[in-house]
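Here is the structure we will look at.
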Amino acid sequence: MSPGCVSLLILSLFSVCLAFRTQSVAVKGVLLCGSHPASNVHVKLFDEDHGPDPDDVLDQMMTKEDGSFSLSGSAMELTPIDPEIRIYHDCNDHGKPCQREWVIRIPNKYIFGGSEARESMDLGTINLEVFYQENLRKNYYIYICLF
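Using mature numbering (1 follows the signal peptide of the UniProt record, and there is no 0), the letters of the sequence shown correspond one by one to residues -19 to -1, 1 to 128.
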């Protein structure tokens, strides 16, 4: 292989590597079940990927005793990340054996370049008793069984 081809190959690989960029996001909020804090609720921050690439878990936690949570994470992607939080809970499900999953998409203005988000999206206080109509404002729930 000629030196020119090797140089071109190295330059091409370097360019592709530079195209990938680290992007970060952070989100916080408080969850209630009726008038009580929703403690020990599993909350995950994902980068939703399309196609065969599985979604990336950026961060996860159980809500604190007061129902609060704070998640942050970063991913290296060629295209903008598609962050969302997923909340798995049993609030107002009347003893069903599976958990409801809420998915809330994070707006692009909360995606930042670099490994740390400069600002956290504040979801405020959310009452998990609510049943959203399917796909209403991109929020929805499904039942998840984890056996």
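Beta carbons are placed, not taken as given, at the ideal position from N, Cα and C, and that holds for glycine.
Keeping to the same chain, check which residues put their C-beta closer than 7 Å to that of residue i; ignore five residues upstream and five downstream.
| i | result |
| --- | --- |
| residue 75 | none |
| residue 45 | 20 |
| residue 110 | 14, 15, 72 and 73 |
| residue 30 | 36 and 37 |
For residue i, which residues of its own chain have a beta-carbon under 6 Å away from its beta-carbon, when the five flanking residues on both sides are left out?
| i | result |
| --- | --- |
| residue 7 | 53, 98 and 101 |
| residue 1 | 57 and 59 |
Going by C-alpha distance, which of the options is nearest residue i?
| i | options | result |
| --- | --- | --- |
| residue 166 | 62, 43, 29 and 37 | Past the boundaries of the shown model lies residue 166; the chain is included only from -19 to 128, so the question cannot be answered. |
| residue 9 | 58, 79, 48 and 112 | 48 |
| residue 108 | 86, 59 and 68 | 68 |
| residue 24 | 5, 66 and 39 | 66 |
Taking all protein chains shown into account, do 16 or more other C-beta atoms lie within 10 angstroms of the C-beta of residue i, making it buried, or fewer, making it exposed?
| i | result |
| --- | --- |
| residue 204 | The chain is shown from -19 up to 128; residue 204 falls before or after that span and cannot be answered. |
| residue 50 | buried |
Looking only at its own chain, which residues have a Cβ that is under 8 Å from the Cβ of residue i, when we skip the five neighbours before and after it?
| i | result |
| --- | --- |
| residue 3 | 55, 56, 57, 94, 95 and 96 |
| residue 40 | 25, 26, 52, 53 and 54 |
Uninterrupted alpha helix (DSSP H) stretches inside the segment 10 to 74 (no shorter than 4 residues): Contiguous alpha helix (DSSP H) elements confined to the segment 10 to 74 do not occur, taking only those with 4 or more residues.
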